[in-house]
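J.: When we follow our numbering, the leftmost residue of the sequence shown carries the number 6, and every step to the right adds one.
Just so it is clear, CB atoms sit at the ideal spot from N, CA and C, and this is done for glycine as well.
Because the structure is a prediction, the values reported are computed rather than measured.
Can you read through this structure? Questions will come right after.
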Amino acid sequence: VDYTVVHDGKAIQFSLTGLASEKEYIVQLAALTQFGQGSWSTESQRLSTWRCAPLPLAPQIILRTHTALVVGWSLNEVGRSPETLGHDEDILEFVVQTDIALSSPVQANLMNCTYISLEQATKLGQVLHEDSKFAQRSDVNEQHPLDEEIPVLAPSGGHTDEPSVFGDAMICDGILAPHLPTYAAVVRDLKPNHTYIVSIYAVSCAGMGCASRKSQEQATLALAPRIDDLQIDEVQHDRIQVSWNLPRLRLPFAQSTCEQLGLVESVAELEVVGFDVRCAASTTWTRLHWRDPEHMQIGRLQRDDNGRGYVVVSELDAGRPYIVELRACSASGAGEWCRLDKQ
Numbered sequence: 006v007d008y009t010v011v012h013d014g015k016a017i018q019f020s021l022t023g024l025a026s027e028k029e030y031i032v033q034l035a036a037l038t039q040f041g042q043g044s045w046s047t048e049s050q051r052l053s054t055w056r057c058a059p060l061p062l063a064p065q066i067i068l069r070t071h072t073a074l075v076v077g078w079s080l081n082e083v084g085r086s087p088e089t090l091g092h093d094e095d096i097l098e099f100v101v102q103t104d105i106a107l108s109s110p111v112q113a114n115l116m117n118c119t120y121i122s123l124e125q126a127t128k129l130g131q132v133l134h135e136d137s138k139f140a141q142r143s144d145v146n147e148q149h150p151l152d153e154e155i156p157v158l159a160p161s162g163g164h165t166d167e168p169s170v171f172g173d174a175m176i177c178d179g180i181l182a183p184h185l186p187t188y189a190a191v192v193r194d195l196k197p198n199h200t201y202i203v204s205i206y207a208v209s210c211a212g213m214g215c216a217s218r219k220s221q222e223q224a225t226l227a228l229a230p231r232i233d234d235l236q237i238d239e240v241q242h243d244r245i246q247v248s249w250n251l252p253r254l255r256l257p258f259a260q261s262t263c264e265q266l267g268l269v270e271s272v273a274e275l276e277v278v279g280f281d282v283r284c285a286a287s288t289t290w291t292r293l294h295w296r297d298p299e300h301m302q303i304g305r306l307q308r309d310d311n312g313r314g315y316v317v318v319s320e321l322d323a324g325r326p327y328i329v330e331l332r333a334c335s336a337s338g339a340g341e342w343c344r345l346d347k348q
């Protein structure tokens with residue numbers, strides 16, 4: 006190594022480069038002359054390199070659509086004080102790494118990195134702080150159910166007398182809003198109905214710090230909600246009437262908050278525009294012969310006195326069992342077929 010003689014020739018000074026951050030090292034010296042290398046000195050005390058940037062806490066997924074996740078996090082302030090800092094740890098930006106979880110049906114090595122400046126992450130975090138409904142939910146125990154006093158997002162295209170019907174609830178199923186985060190980011194261009202995990206890195210002038218602990222696994226929404234309460238209302242010799250509850254998208258934020266988060270377009274794509282229904286005669290064969298699906302636009306959908314949508318499947322053969330399936334269709338595509346067996 007290159008060195009400098011100091012203290013009137015009584016000592017030398019040198020630097021070791023290319024070391025990893027936040028690692029412990031032990032140093033030994035050996036003199037080298039034209040005749041060869043001398044013996045190694047005794048080991049030094051353990052010397053630790055500084056960290057590059059503060060360590061973020063594990064992120065929490067606050068909100069999801071079919072293509073985006075809103076992620077919130079804070080910094081781990083334990084042990085962080087001016088006396089313990091070896092250099093300027095001012096954060097310049099954050100890296101939000103989104104990986105497809107092992108439980109997802111695709112390869113787990115795919116990942117998406119979102120870079121967000123400290124200023125923007127702080128601004129989005131403040132947006133969440135200023136949303137009174139989200140702030141109230143942050144103090145609720147996770148064991149309590151979601152309240153129903155959540156505003157329904159108005160559909161795009163102006164006012165309508167029809168109820169606003171969207172995909173299933175945006176807030177993660179069974180998970181209430183976490184404590185208010187200091188920072189937030191929106192991860193976009195994700196795959197619908199896929200499970201993701203998120204890690205956060207802080208970046209300072211010294212480089213990128215260590216990764217936070219991973220978030221809990223959370224799936225993006227499907228293109229359209231699943232209909233789980235399909236039921237038979239009436240059976241006649243040549244027809245069957247089935248009904249179901251209309252799904253509604255209830256947001257844990259005010260609509261203005263969604264606008265500031267840049268989620269209006271993604272949410273609008275989840276608007277349910279209609280339903281498809283199809284039927285097939287029941288058979289022991291694996292392959293069913295389905296009739297062509299019949300599409301029902303949401304504005305022309307028939308509803309009963311309880312507000313449930315219903316449809317009459319007609320022109321059936323008397324005394325023969327049938328299978329009926331229904332799926333919701335959003336502005337971005339069709340959802341999963343949900344089956345009702347009639348034996």
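For Leu-352 versus Leu-331, is the C-beta spacing smaller than 9 Å?
T.: Residue 352 lies beyond the range of the chain shown here (6 to 348); nothing can be said about it.
J.: Can you check which of these residues, Trp-45, Ser-337, Leu-68, is closest to Gly-267 by C-alpha distance?
T.: Among Trp-45, Ser-337, Leu-68, the Cα nearest to that of Gly-267 belongs to Leu-68.
J.: Indicate the three-state DSSP secondary structure (helix, strand or coil) for Thr-72 in the structure shown.
T.: Here Thr-72 sits in coil by DSSP.
J.: Return the Cβ separation of Tyr-201 and Ala-126 in integer angstroms, given the expectation that the two are a contact with Cβ distance under 8 Å.
T.: Rounded, the Cβ-Cβ distance is 19 Å, inconsistent with contact.
J.: Are Trp-249 and Gly-340 close, meaning C-beta to C-beta below 9 Å?
T.: Against a cut-off of 9 Å, the Cβ pair of Gly-340 and Trp-249 comes out as no contact.
J.: Candidates Leu-34, Val-32, Lys-28: which alpha carbon is nearest Trp-55's?
T.: Checked all of Leu-34, Val-32, Lys-28; the closest Cα to Trp-55 is Lys-28.
J.: Under 8 Å: do the region 63-80 and the region 201-215 share three or more Cβ pairs, one atom per stretch?
T.: Result yes; three or more Cβ-Cβ pairs closer than 8 Å.
J.: If you run the structure through DSSP and keep just helix, strand and coil, what is Arg-5?
T.: In the structure displayed, the chain extends from 6 to 348; residue 5 sits before or after that span and is not available.
J.: Nearest CA to the CA of Thr-262: which residue from Asp-136, Leu-34, Leu-24?
T.: Measuring from the Cα of Thr-262, the nearest candidate turns out to be Asp-136.
J.: Inspect the beta-carbon positions of Ser-356 and Glu-264 and report whether they are closer than 9 Å.
T.: Outside the displayed range of the chain (6 to 348) lies residue 356, so it cannot be described from this structure.
J.: Please confirm whether Leu-185 and Leu-133 have their CB atoms less than 9 Å apart.
T.: Taking 9 Å as the Cβ cut-off, Leu-185 and Leu-133 qualify as a contacting pair.
J.: Are the CB atoms of His-300 and Gly-279 within a distance shorter than 9 Å?
T.: A contact, by the Cβ cut-off of 9 Å.
J.: Taking the alpha-carbon positions, what's the Glu-1 to Val-32 distance?
T.: Because the chain here runs from 6 to 348, residue 1 falls outside it and cannot be looked at.
J.: Counting along the chain, where does the beta strand (DSSP E) carrying Gln-221 start and finish?
T.: Note, Gln-221: premise wrong, no beta strand (DSSP E); not H, not E.
J.: Excluding the 5 residues flanking Arg-283 on each side, which residues of the same chain have their C-beta closer than 6 Å to its C-beta?
T.: Trp-295, Arg-296, Pro-298, Glu-330.
J.: Exposed or buried, which one is Val-76 when buried takes at least 16 other CB atoms within 10 Å?
T.: So Val-76 counts as buried.
J.: Measure the beta-carbon distance from Thr-70 to Gly-130 and round it to whole angstroms, keeping in mind my assumption that it falls under 8 Å.
T.: Their Cβ separation, rounded to whole angstroms, is 19 Å, which puts Thr-70 and Gly-130 out of contact at 8 Å.
J.: Return the CA-CA distance between Ser-217 and Ala-58, expressed in angstroms with no decimal places.
T.: Going by the C-alpha atoms only, they are around 11 Å apart.
J.: Would you kindly check if the distance between the Cβ of Ser-271 and the Cβ of Lys-193 is under 9 Å?
T.: Note that residue 193 is Arg in the sequence shown here, rather than Lys. Their beta carbons are under 9 Å apart, which means Arg-193 touches Ser-271 by this criterion.
J.: Would you list the one or two residues that DSSP bridges to Trp-78?
T.: DSSP, once it has assigned bridges, lists Tyr-188 as partnering Trp-78.
J.: What is the rounded straight-line gap between the Cα of Trp-290 and the Cα of Glu-98?
T.: Rounded to the nearest angstrom, the two C-alpha atoms are 59 Å apart.
J.: Do Ser-287 and Arg-325 come within 9 Å of each other at the CB atom, strictly closer than that value?
T.: Contact: yes.
J.: How would you call Ser-44, buried or exposed, if buried means at least 16 neighbouring beta carbons within 10 angstroms?
T.: Exposed: under 16 other Cβ atoms inside 10 Å.
J.: Measuring only the C-alpha atoms, how far is Tyr-327 from Arg-305?
T.: Cα to Cα, Tyr-327 sits roughly 25 Å from Arg-305.
J.: According to DSSP, which residues form a beta bridge with Phe-19?
T.: Answer is Tyr-8, bridged to Phe-19.
J.: Rounded to a whole number of angstroms, what is the C-alpha to C-alpha distance between Ser-20 and Thr-9?
T.: Between Ser-20 and Thr-9, the C-alpha separation is close to 10 Å.
J.: With burial defined as no fewer than 16 other Cβ atoms inside 10 Å of the residue's Cβ, what is the status of Gln-223: buried or exposed?
T.: Per the 10 Å Cβ criterion, buried.
J.: Could you give the residue range of the alpha helix (DSSP H) that holds Gly-130?
T.: Note, Gly-130: alpha helix (DSSP H), 123-135.
J.: Would you check if the distance between the CB atom of Gln-241 and the CB atom of Val-316 is smaller than 9 Å?
T.: Not a contact, by the Cβ cut-off of 9 Å.
J.: Confirm, please, whether the CB-CB distance from Thr-225 to Thr-22 is below 9 Å.
T.: No, the Cβ-Cβ distance between Thr-22 and Thr-225 is not below 9 Å.
J.: Among the candidates Val-191, Cys-215, Asp-233, whose CA atom is the shortest distance from the CA of Val-269?
T.: Minimum Cα distance to Val-269 is reached at Val-191.
J.: When the Cα of Tyr-30 is compared with those of Trp-342, Arg-51, Asp-310, Leu-195, which residue comes out closest?
T.: That would be Arg-51, whose Cα lies nearest to the Cα of Tyr-30.
J.: In or out: His-149 buried (at least 16 other Cβ within 10 Å) or exposed?
T.: Unreliable placement is indicated for His-149, whose pLDDT of 37 sits below 50; no coordinate value is reported for it.
J.: Under three-state DSSP, which class holds Arg-305?
T.: Three-state result, Arg-305: helix.
J.: Looking at Cys-343 and Ile-232, is the spacing between their C-beta atoms short of 9 Å?
T.: Cβ distance < 9 Å, so Ile-232 and Cys-343 count as in contact.
J.: When you compare only the Cα positions, how much space is there between Gln-307 and Gln-260?
T.: Spanning the two alpha carbons is a distance of roughly 29 Å.
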